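K.L.:
If you use this note's numbering, the sequence shown corresponds to residues 47 to 133, in order. Just dropping this structure here.
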Amino acid sequence: MNYAAADVKRLREETGATFADCKNALSDAVTWEEALKLVEAKRDKKAQKMQVADRETKQGGIFSYIHHNHSVGALLELNCSTDFVAR
Numbered sequence: 047m048n049y050a051a052a053d054v055k056r057l058r059e060e061t062g063a064t065f066a067d068c069k070n071a072l073s074d075a076v077t078w079e080e081a082l083k084l085v086e087a088k089r090d091k092k093a094q095k096m097q098v099a100d101r102e103t104k105q106g107g108i109f110s111y112i113h114h115n116h117s118v119g120a121l122l123e124l125n126c127s128t129d130f131v132a133r
């Protein structure tokens with residue numbers, strides 16, 4: 047599909063998708079409706095990835111650092127989802 051910058055802007059306003067996603071959808075699609083479907087499909091894939099990212103992180107460690115003159119200190123908790131990564 048041939049498209050102009052105004053088409054990319056319109057698709058971004060309607061869907062809230064990124065510039066690159068809109069541009070790719072318009073270049074891959076034949077019609078406007080097909081471009082909308084491609085952007086929605088891309089959004090659904092991103093939503094599924096975010097659900098995977100929401101899983102519990104039970105493994106990890108707590109690390110501390112204290113400067114030699116005791117004026118600065120830091121405490122860090124680092125978590126991950128598997129014990130393999132925590133090692």
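For every residue, glycine included, the Cβ atom is placed at its ideal position computed from N, Cα and C. This structure is a prediction, so every number in the text was calculated from the model and none was measured.
Quick test of the definition: if touching needs 3 or more C-beta pairs under 8 Å, does the region 57-71 touch the region 82-93?
P.N.:
The answer is yes - the region 82-93 touches the region 57-71, with three or more Cβ pairs under 8 Å.
K.L.:
Of the residues V54, K55, A66, S73, which one's Cα is nearest the Cα of M47?
P.N.:
In the sequence shown, residue 47 corresponds to position 1, counting from 1. Here the closest residue by C-alpha is S73.
K.L.:
Fully enclosed by the region 57-125, which alpha helix (DSSP H) runs are 4 residues long or longer?
P.N.:
Taking only runs of at least 4 residues, the alpha helix (DSSP H) segments lying wholly in the region 57-125 are 65-74, 78-99.
K.L.:
Skipping 5 residues on each side, what residues in its chain have a beta carbon closer than 7 Å to that of V76?
P.N.:
Translated into positions along the sequence shown, residue 76 becomes position 30. So the qualifying residues of the chain are M47.
K.L.:
Taking all protein chains shown into account, do 16 or more other C-beta atoms lie within 10 angstroms of the C-beta of L57, making it buried, or fewer, making it exposed?
P.N.:
Position 11 of the sequence shown, counted from the first residue, corresponds to residue 57. Per the 10 Å Cβ criterion, buried.
K.L.:
Can you name the start and end residues of the alpha helix (DSSP H) that A132 belongs to?
P.N.:
Taking the sequence shown and counting its residues from 1, the one referred to as residue 132 is at position 86. Where A132 is concerned, the enclosing alpha helix (DSSP H) stretches over 129-132.
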